[in-house]
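**Student:** Chains as they are written, first to last, in my numbering: chain B, 86 to 649; chain Z, 2 to 345; chain A, 70 to 265. C-beta atoms are modelled at their ideal positions from N, C-alpha and C, and glycine is treated no differently. One structure coming up, written as structure tokens, with questions to follow.
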Amino acid sequence: MADQTLPIAGTLGVTPQRSRSSRLLAWLHEWVITVDHKKLGILYISYSLIFLLVAGAEAICIRIQLAMPNNHFLSPEVFNRLFTMHGTTMVFLVGMPILFGFANYLVPLMIGARDMAFPRLNAFSFWLTAFGGLLLYYSFLGGFGLYGMGNAPDVAWFAYAPLTEKAFSPGHSTDYWALALIVSGFGTLGTAINIIATTLSMRCRGMTLLRMPLFVWLMLVVSAMTLVTITPLTAAQAMLVIDRYLGGHFFDTQAGGSAVAWAHFFWIFGHPEVYILVLPAFAIENEIVPVFSRKGIFGYPAMVAASVGIGFVSMGVWAHHMFTIGLTSVGNTFFVLSTMLVGIPTGIKIFNWLATMWGGRIRFASPMLFATAFIFQFLIAGLTGIMLSVAPWDWQLHNSYFLIAHFHYVLVGAIVFNVFAAIYYWYPKATGRMLDEKLAKWHFWLFVLGFHITFDTMHFVGFMGMPRQIYTYLPDRGWGPLNLVISIGGFIQAIAVLIFVYNLVHSYFRGKEAGNDPWDAWTLEWSTPSPPPVYNFATDPVVYSRRPLWDLKHPEDPDWKYES
Amino acid sequence: MKSMTREYGARAIRLSPLLAVLLAARHAWADGPQATPDIFAPASTPAQSIVGLSIFTLAITGAIFVVVGGLLTFAIIRYRERSTDAASEPPQIYGSVQVELAWTVIPILIVVVLFLTTARIIFAIQDAPEPKSALDVTVVGHQFWWEYRYPKLGIVTANELHVPVGKATYLRLLSADVMHSFWVPQLAGKTDVVPNHPNETWIEPQHTGLYVGQCAQFCGVEHAKMLIRVYVDTPEQFAAWVHDQQQPAPSDPEVAAGRRVFETNACTNCHRIAGTPARGTFGPDLTHLASRATLASGAVINNPQNLREWIKDPDHFKEGVLMPAMQLSDLQIDQLVAYLSTLH
Amino acid sequence: MSAIPVSDFEQPWELPSRGRIGMLSLIIGESAIFTIFVVAYIFYIGRSVSGPTPQQVLDIPILNTICLLSSSVTIWLSERQIERGNMRAFAALWALTMGLGIEFIIGTWLEWKKLIFVDGLTIRTNLFGTTFYSLVGLHATHVVVGLIMLTFVLIFTLTGRLNHAHAERVEVLALYWHFVDAVWVVVFTVVYIVGR
Ligand code: HEA
Ligand code: HEA
Ligand code: CUA
Ligand SMILES: [Cu+2]
């Protein structure tokens, strides 16, 4: 295990005193040229948090506009841009990079490695992703210049053809959208390759596949899924770009092209994508629930199998986004079945977490609060997913606010909640300081409150026939009061998020010292100093079980006695 | 496992009051059209069978929620850390084959049941044979308005669909430009209107009245104001409406000035008025404009003030609409409005 | 730590090479890209609203195919030479591989020239043109990228900076070249046999 009193740690810290501005420059330079997986992980996470604020602010604008019927806060053009940017940003610039950020930071630490398999590729991937994000947001300025809101993409995050063809979407906003996603897609691909190579080739002695922490397993599955699903998106975007720049006809319905083909290509990516987003959330859950229940994870082999199973099944369900597009009855029936089947491995996960908590001694520190709310909310979200998978009912629910409610329940209720859990859990490792627990409780309860006010209510406006992506609605539809409630919830969420951001900054300077292992946890990263040194481990660790630190702390009853 | 069936019954009973309240509330005004297009207030065959399936699904998922959520709540309360707890770790349990098998098999059974029920309804709705007596309508989605053609009756109209009560109407869905989706929740689920990919759907309304809905696939700037109005008429009303629509536009000499303005401006490039040289198809057919209750796909009430405002500046009601402001003088617009108002 | 299960220490701890894993992952990802383009090609066969059709303008590129496929054999032979440290034979076979690849690119160039200037088929002519140039072009791009990497290896070999110790890296690169060849079999079948 790492030794904190290694002589090199001290000598490295000596840097000649420089003037203030050059110190700042040096600091910046260090972050830009870094190939250290931990720094890159932090870069990914900070980058996504910034975009979370931006896209959240966009959501707030959307909610102000929809708070009342016939509202004139935003023009239709701006509204359409905002929800497109909100969706695209949240999925591609918040969800994906933040989860890859955690993978970057934690995977090498958890498997006892000193860095990723390809550190330079890692840095390159991050900067590609970052550049993709900037390209997307540059569209606000590009095109029409600084007049008003410029012309950001306004074709919705799934950008159905042929609305994206030159004929219907002149100007360059759609090009920015396509190119930004191609660029960041390559970044993502690089990271995925890196994670796969790291987990397969860099594990420390004794870390067999079936001793890897579940977090690492899930990241492996996610990366494998990324390989085969981000690439179809890239291919489809390439076709779109060919259409737009070279005059091709892939999605040009006037020349025999097919709008349905785009929908297939997009959702072949898009559905697995949502599991790519949620599996890392499961990964986080798998680390937090056992530690705070003080029990090893229940049914490790089943968890691994279920994760791999979800990975496979979720490749074959995409057309459940297309029940209304006019598939044959046999086609619809097939996708109903495959979609419902995903519920089974997912159920196994929920039950295993439940069983892990069962008989434990659950400590409700802030990470566990978020993690517990996650289970409840994911349960509900999964069940509304099942409702949507009932194709005839989906003919009603599709593109209504019920659908919006379903996916925010997962994307916010599950993923964002677990991102918060993860930050509370690993912030002490990354910075050496604890986050303030009192602020954390405020953050948690306000966010839960706001979340439920907003997204529970959305289900009902959905039942009342309100479609999505409309910038306004008539007063006599009766959707007004509930929409006001939804918007109020949005504001409560915003306050909670602001508290969180304050906590992040405040605790960085004022937080309690964390020490190496503040949560009394069991995976390798907690054996290193906080923050871990560049080389992670002074000597290469050797492990004998799934919980190496448990074995250390309980020599009388180590795990390896029970594992085959 | 053994207690599964018994428990299932118990759960259904526990849940039923909730569902009953829900349904009673909904069905209180389900017999006919409502201003709120509630999916639980069906008034036509496909929508009704969907509600049946929905309730069934809600019951099953509700039961799962109650059981799993209940266990979770119990675990949280029962196993939370207490100050009286011993300092040592709780006993470690790594898994149990029986339990894990149970919670794999039970969901599989639930999925089988739900899947079979769903499949039955899919086939019943999607593959229903079209009765001989059914009315055929071709629906064409345009960027921000609807065109309705009755091929057998020789009628072309826009934005307000008329169908007879108690009879099946088969809708053939085409698009002139991008994807749209035809959705009137009380009558049927939505079906997308896809260019180069004709779709079909059907309704069989049981109560007369006006049913509202709207385009449900994002189609551009004014997607929000691409509303749908379906009038379900008695057979007599419907016959009368058909008769009226089959007539060419009335030509009233008093408004000849307005007619001249219309025919000498670009209006004719985009609009058709049967019996006149205006043959455009880019915009709605205006032959019987005055017989419609709303303008611009349900965006505003059809009255002379609104009509005037619309012609003067269509963006005023529907920003980003594809009809240009024609830069006409006030006088010309007055004449036009007078003319268009006679097109019953 | 008491009674550590020593059996663990006795087993050798060997993990697969990261270069190989990385390349295999890349190949899997690339296969997905090609799959989408191939599916699009098949989906759009016969859907063009105007001519020309594949039957009218496409000739089967037999020579090209033979060259590209045999380059897989020559690169495999050269791998065996570098393993044995036989750098001259390696360089010769490597250059031969490149020659075959370059022939393929020239062949494609001539084919396109004919299609564009004689038959008037461009990427905007019809759906066939769009899908044909995209799919074949995507593959040709991969050949070009492969050739560039092969060139680097050749330069390093000729300047003596590459030797037996780099055999593994060369093999990883060769993996990519085999993949490009394998994709050609699919593209060839779909474009020139199924689609014609
Ligand atoms: C991370 C994101 C995420 C996740 C995890 C999911 C999970 C699921 N989703 Fe969701 N979904 C989205 C994000 C996500 N979804 C998004 C973003 C969209 C909309 C995109 C757009 O249009 O913009 C969408 C849309 C969407 C649709 C399309 C609706 C439409 O467009 O009309 C459907 C339809 O089937 C669906 C279903 C499901 C199902 C069945 C699951 C399942 O995985 C859920 C499985 C979980 C459970 C079932 C609960 C736990 C299980 C048990 C307790 C066991 C017992 C249960 C049973 C036996 C049933 N989703
Ligand atoms: C990870 C994904 C994710 C997340 C976290 C969210 C979070 C939220 N979303 Fe989002 N949403 C999507 C993904 C996501 N969404 C997608 C994919 C779509 C579909 C897009 C499409 O149709 O194309 C969508 C669409 C969508 C709609 C439908 C728009 C429409 O169809 O017309 C709405 C409407 O209410 C909405 C609301 C919200 C709200 C209130 C939140 C809240 O939870 C947000 C909470 C966070 C904040 C409030 C940030 C707080 C911070 C500040 C306010 C400070 C600001 C300061 C600075 C910038 C310095 N979202
Ligand atoms: Cu038409 Cu939305
Ligand atoms: Cu999906």
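(1) Closer than 7 Å by beta-carbon distance: list the chain Z residues that pair up with B/Val-345, in chain order.
(2) Under 6 Å: does the beta carbon of B/His-483 sit that close to some heavy atom of ligand 3?
(3) Strictly below 7 Å CB to CB, what residues from chain A border B/Arg-290?
(4) Consider the C-beta atom of Z/Cys-271 and the heavy atoms of ligand 3; say whether any pair is separated by less than 6 Å.
(5) Below 8 Å on the Cβ atoms is my guess for B/His-491 versus B/Ala-466; work out the distance and round it to an integer in Å.
(6) Note down, in chain order, every chain B residue with its Cβ under 8 Å from the Cβ of A/Gly-189.
(7) Using C-beta distances below 6 Å, list every residue in its chain close to B/Tyr-558, excluding the 5 sequence neighbours before and after it, in chain order.
(8) Return the residue from the list Z/Leu-337, Z/Lys-226 and Z/Gly-167 that minimises the CA-CA distance to Z/Ser-298.
(9) Would you kindly report the start and end of the unbroken alpha helix (DSSP H) that includes Z/Ile-107?
(10) Tell me which same chain residues have a C-beta within less than 6 Å of the C-beta of Z/Leu-154, skipping the five on either side of it?
(11) Mapping the DSSP letters down to three states, classify B/Glu-648 as helix, strand or coil.
(12) Would you call the region 227-236 of chain Z in contact with the region 162-170 of chain Z, where contact means no fewer than 3 C-beta pairs closer than 8 Å?
(13) How far does the alpha helix (DSSP H) with B/Asn-165 in it extend, from its first residue to its last?
(14) How about Z/Val-141 and Z/Glu-131: do their beta carbons lie closer than 7 Å?
(15) When burial is assigned at 16 or more other CB atoms within 10 Å of the CB, is Z/Asp-128 buried or exposed?
(16) Is it the case that the CB of B/Val-363 approaches a heavy atom of ligand 1 more closely than 6 Å?
(17) Below 8 Å on the Cβ atoms is my contact criterion, and I expect Z/Asn-160 with Z/Thr-295 to pass it. Report the Cβ-Cβ distance as a whole number of Å.
(18) Does DSSP put B/Ala-499 in a helix, in a strand, or in coil?
(19) Using a Cβ-Cβ cut-off of 6 Å (strictly less than) and excluding sequence neighbours within five positions of B/Gly-272, which residues of its own chain qualify?
(20) Does the beta-carbon distance from Z/Gln-207 to Z/Ala-44 come in below 7 Å?
(21) Report the rounded CA-to-CA distance for Z/Ile-229 versus B/Met-201, giving the unit in angstroms.
(22) Is it the case that the Cβ atoms of B/Thr-409 and Z/Asp-193 are separated by a distance below 7 Å?
(23) Cβ atoms of Z/Pro-47 and Z/Tyr-212: under 7 Å apart, would you say?
(24) Taking 6 Å as the line, does the beta carbon of Z/Pro-108 fall inside it for any heavy atom of ligand 1?
(25) Below 8 Å on C-beta distance, what does A/Pro-85 contact in chain B?
(26) Do the region 163-171 of chain A and the region 205-216 of chain A make contact, defined as three or more Cβ pairs closer than 8 Å?
(27) Quick one: list the residues of chain E neighbouring B/Gly-341, beta-carbon separation under 8 Å, in chain order.
(28) When you compare the CB of B/Val-421 with every CB in chain Z, is at least one pair closer than 7 Å?
(29) So for A/Phe-148, helix, strand or coil by DSSP?
(30) Is Z/Val-164 helix, strand or coil by DSSP?
(31) Residues of chain B with CB under 8 Å from Z/Trp-104, in chain order?
(32) Contact defined as beta carbons within less than 8 Å: I believe B/Gly-496 pairs with B/Leu-325. What is the distance between those atoms, to the nearest angstrom?
(33) Count the other CB atoms, across all protein chains shown, that sit within 10 Å of the CB of B/Thr-173; report buried if there are 16 or more and exposed otherwise.
(34) Measuring CA to CA, which of Z/Asn-266, Z/Pro-199 and Z/Gly-221 is closest to Z/Trp-146?
(35) Between Z/Arg-81 and chain B, is any beta-carbon pair separated by less than 7 Å?
(36) Would you list the residues sitting across from Z/Val-233 in a DSSP beta bridge?
**Tutor:** A quick look at the data gives this:
(1) Here residue 345 of chain B refers to the residue found at position 260 of the first sequence. Those within 7 Å of B/Val-345 in chain Z are Val-195 and His-198.
(2) Sequence index remark: in the first sequence, residue 483 of chain B carries index 398 (1-based). No, since every heavy atom of ligand 3 falls outside the 6 Å radius drawn around the Cβ of B/His-483.
(3) On the first sequence, position 205 is the one that residue 290 of chain B refers to. Within chain A, the residues near B/Arg-290 are Trp-82.
(4) Translated into positions along the second sequence, residue 271 of chain Z becomes position 270. Checking the Cβ of Z/Cys-271 against ligand 3 gives no.
(5) As a working mapping, residue 491 of chain B is identified with position 406 in the first sequence. As a working mapping, residue 466 of chain B is identified with position 381 in the first sequence. Indeed, because the Cβ distance is near 6 Å, the residues count as touching under 8 Å.
(6) Counting from one through the third sequence, the residue named residue 189 of chain A turns up at place 120. Chain B residues near A/Gly-189: none, gap ~14 Å exceeds 8 Å.
(7) As a position in the first sequence, residue 558 of chain B is number 473, starting the count at 1. The residues are Pro-154 and Trp-564.
(8) One-based indexing of the second sequence puts residue 298 of chain Z at position 297. When each option's Cα is compared against that of Z/Ser-298, the closest is Z/Lys-226.
(9) As a working note, residue 107 of chain Z is residue 106 in the second sequence. Per DSSP, Z/Ile-107 belongs to the alpha helix (DSSP H) from 98-127.
(10) The residue you call residue 154 of chain Z lines up with position 153 of the second sequence. Correct list, in chain order: Val-243.
(11) Residue 648 of chain B sits at position 563 when you count from the first residue of the first sequence. Coil, per DSSP.
(12) yes
(13) For the purposes of this step, residue 165 of chain B is identified with residue 80 of the first sequence, where counting begins at 1. Where B/Asn-165 is concerned, the enclosing alpha helix (DSSP H) stretches over 161-173.
(14) As a first step, residue 141 of chain Z must be located in the second sequence, where it is residue number 140. As a first step, residue 131 of chain Z must be located in the second sequence, where it is residue number 130. Not closer than 7 Å, so no.
(15) As a first step, residue 128 of chain Z is located in the second sequence; it is residue number 127 there, counting from the start. By the neighbour-count rule (16 or more Cβ atoms within 10 Å), Z/Asp-128 is not buried but exposed.
(16) Within the first sequence, numbered from 1, the residue matching residue 363 of chain B stands at position 278. Flag set: Cβ of B/Val-363 near ligand 1.
(17) One-based indexing of the second sequence puts residue 160 of chain Z at position 159. One-based indexing of the second sequence puts residue 295 of chain Z at position 294. So it is a contact: roughly 7 Å between Cβ atoms.
(18) Here residue 499 of chain B refers to the residue found at position 414 when the first sequence is read from its first residue. Correct three-state label for B/Ala-499: helix.
(19) Numbered from its first residue, the first sequence carries residue 272 of chain B at position 187. Cβ within range, chain order: Ser-210, Leu-213 and Thr-214.
(20) Along the second sequence, one-based indexing puts residue 207 of chain Z at 206. Along the second sequence, one-based indexing puts residue 44 of chain Z at 43. In contact: Z/Gln-207 and Z/Ala-44 (Cβ atoms closer than 7 Å).
(21) Walking along the second sequence from the start, residue 229 of chain Z turns up at place 228. Walking along the first sequence from the start, residue 201 of chain B turns up at place 116. One C-alpha to the other measures close to 56 Å.
(22) For the purposes of this step, residue 409 of chain B is taken as the residue at position 324 of the first sequence. For the purposes of this step, residue 193 of chain Z is taken as the residue at position 192 of the second sequence. Result yes, Cβ atoms of B/Thr-409 and Z/Asp-193 sit closer than 7 Å.
(23) The residue labelled residue 212 of chain Z in the question sits at position 211 within the second sequence. The residue labelled residue 47 of chain Z in the question sits at position 46 within the second sequence. The answer is no: Cβ separation not under 7 Å.
(24) Taking the second sequence and counting its residues from 1, the one referred to as residue 108 of chain Z is at position 107. Yes, the beta carbon of Z/Pro-108 sits closer than 6 Å to at least one heavy atom of ligand 1.
(25) Stepping through the third sequence from its first residue, residue 85 of chain A is reached at position 16. Ordered by position in chain B, the residues that pass the 8 Å Cβ test against A/Pro-85 are Leu-285 and Ser-286.
(26) yes
(27) Given the protein chain composition of this structure (B, Z and A), no chain E is represented.
(28) Along the first sequence, one-based indexing puts residue 421 of chain B at 336. Yes, B/Val-421 lies at the interface with chain Z (some Cβ there is under 7 Å from its Cβ).
(29) Along the third sequence, one-based indexing puts residue 148 of chain A at 79. The residue you asked about is not Phe; residue 148 of chain A is Glu in the sequence shown. Helix.
(30) Taking the first residue of the second sequence as 1, we reach residue 164 of chain Z at position 163. DSSP places Z/Val-164 in strand when its eight states are reduced to three.
(31) Translated into the one-based positions of the second sequence, residue 104 of chain Z becomes position 103. Near Z/Trp-104 (Cβ distances below 8 Å), the residues of chain B are Gly-432, Ile-433 and Phe-436.
(32) Position 411 of the first sequence, counted from the first residue, corresponds to residue 496 of chain B. Position 240 of the first sequence, counted from the first residue, corresponds to residue 325 of chain B. Residue identity differs from the one stated: residue 496 of chain B is Leu in this sequence, not Gly. Incorrect: roughly 24 Å between the Cβ atoms, too far for contact.
(33) Counting from one through the first sequence, the residue named residue 173 of chain B turns up at place 88. That one is buried.
(34) In the second sequence, counting from the first residue as 1, residue 146 of chain Z sits at position 145. The option with the nearest alpha carbon to Z/Trp-146 is Z/Gly-221.
(35) For this step, residue 81 of chain Z is matched to residue 80 along the second sequence. Chain B, which has a Cβ nearer than 7 Å to the Cβ of Z/Arg-81, makes this yes.
(36) Counted from its first residue, the second sequence places residue 233 of chain Z at position 232. DSSP output for Z/Val-233 lists Z/Val-164 and Z/Gly-210 as bridge partner(s).
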